[in-house]
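**Q**
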C-alpha cells in the first residue's frame, strides 16, 4: 500500500496522539518528544479506541480497562491477563507531513 499521509506535524504536537483511518483501519499516531510512531488504535482486550485513552511518555493506557502498550513497539506493557500486542507501523516525516507506511 505504501505511504499514507496521517496529517501535518502541527496536528500532532509532542505528547499528543490522534486517530486516523487508513483503508478502513483505525491507526493511532503519537508524537513522543518529536519522534512519531503509529500502532493499531483498537485495544486488543476489548476493542476500545486507544486514542481516547492516556499517553504518558511512550505508554498508551486504554481508557476502558487500563491495558498499557508501548506506542513505539506495540508491545503490551502491563495488564493482568496476557493479550495480543498491537501492530506497529513505520512513520516517515517529510517536510511538515507525517506519513504512515502500511
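Numbering (full-length UniProt numbering), first residue to last: 1 to 102. Quick reminder that beta carbons are idealized off the backbone N, C-alpha and C, glycines included.
1) Thinking residue 29 and residue 92 are a contact (beta carbons under 8 Å), I'd like their distance in whole angstroms, please.
2) DSSP three-state call for residue 90: helix, strand or coil?
3) Taking residue 54 as the reference, which of 102, 45, 70 and 44 has the closest Cα?
4) If you run the structure through DSSP and keep just helix, strand and coil, what is residue 95?
5) Under 8 Å Cβ to Cβ from residue 74, same chain only, skipping five residues before and after it: list those, please.
6) When burial is assigned at 16 or more other CB atoms within 10 Å of the CB, is residue 81 buried or exposed?
7) Which whole-angstrom value describes the C-beta separation of residue 34 and residue 20, a residue pair presumed to lie in contact below a C-beta threshold of 8 Å?
8) Quick check on the DSSP output: the beta strand (DSSP E) that includes residue 30 runs from which residue to which?
9) Here's the rule: buried if 16 or more other CB atoms are within 10 angstroms of the residue's CB, otherwise exposed. What is residue 90?
10) Beta-carbon within less than 6 Å of residue 64's beta-carbon, same chain only, minus the 5 sequence neighbours each way: which residues are those?
11) Check each candidate in 25, 23, 68 and 36 and name the one with the smallest Cα separation from residue 11.
**A** In this structure, then:
1) Not really, about 12 Å apart at Cβ, beyond 8 Å.
2) strand
3) 70
4) coil
5) 39, 40, 85, 86, 87 and 88
6) exposed
7) That belief does not hold up - the Cβ atoms of residue 34 and residue 20 are roughly 19 Å apart, past 8 Å.
8) 25-32
9) exposed
10) 46 and 48
11) 36
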